[in-house]
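K.L.:
Residue numbering for the sequence shown follows our numbering, beginning at 220 and increasing consecutively.
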Amino acid sequence: MLIGELSRRGGVSARSLRYYEQQGLLRSERLMNGYRDYDEDAVVVVRQIRALMDAGFGSKDIAVLLPCARGERPEIDICPDTLSTIRGAIDRVTAEAEELRSHERSMARLLG
């Protein structure tokens with residue numbers, strides 16, 4: 220399928236699809252005319268990528284998690300690197316949340 224159809228079916232822009240390819244998350248073949256041609260499986264892969272991005276993972280973490288993803292939601296099998304990747308992401312989010320709470324306390328103090 221061409222990039223426009225995958226964009227429509229996957230619910231993302233063509234620009235996002237090109238970014239996913241650049242990051243090594245999605246693959247396509249090139250047709251004789253230079254157009255990208257995607258397998259039918261690409262729809263599920265794109266939906267998995269979006270779900271993982273929506274969960275807060277960056278492209279480097281997604282590259283680790285994607286080979287162990289099942290389904291469109293997706294569910295992640297515990298493969299060798301997935302556990303440490305997920306734990307690392309949780310640790311980063313926890314640290315960011317604490318920093319935001321600290322900012323909130325500082326702002327509230329300014330109000331008296």
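Every residue gets a Cβ at the ideal spot worked out from N, C-alpha and C, and that includes glycine.
A quick note: this is a predicted structure, and the numbers were derived from the prediction, not measured.
List in chain order: all unbroken alpha helix (DSSP H) runs of 4+ residues lying wholly within the region 249-280.
P.N.:
Whole alpha helix (DSSP H) segments, 4+ residues: 261-273.
K.L.:
Consult DSSP for R320 and reduce its assignment to one of helix, strand or coil.
P.N.:
R320: helix per DSSP, three-state reduction.
K.L.:
Assess contact between the region 248-260 and the region 278-296, defined as three or more Cβ pairs (one per stretch) separated by less than 8 Å. Is contact present?
P.N.:
As far as the Cβ criterion goes, the region 248-260 does not touch the region 278-296, which means the pair count is below three.
K.L.:
Rounded to whole angstroms, what is the Cα-Cα separation between G243 and G275?
P.N.:
Taking the straight line joining both Cα atoms gives about 18 Å.
K.L.:
Report yes if the CB atom of R228 is closer than 7 Å to the CB atom of V283, and no otherwise.
P.N.:
Their beta carbons are not under 7 Å apart, which means R228 does not touch V283 by this criterion.
K.L.:
Do V231 and L245 have their C-beta atoms within less than 7 Å of each other?
P.N.:
Cβ atoms of V231 and L245: not closer than 7 Å.
K.L.:
Have a look at the DSSP bridge pairing and note the partners of A288.
P.N.:
Answer is I295, bridged to A288.
K.L.:
What's the call for Q241, buried or exposed, on a 16-neighbour Cβ count within 10 Å?
P.N.:
Q241 is exposed by the Cβ-count criterion.
K.L.:
Could you check where the alpha helix (DSSP H) with S232 kicks off and where it finishes?
P.N.:
Here S232 belongs to no alpha helix (DSSP H), and DSSP marks it neither H nor E.
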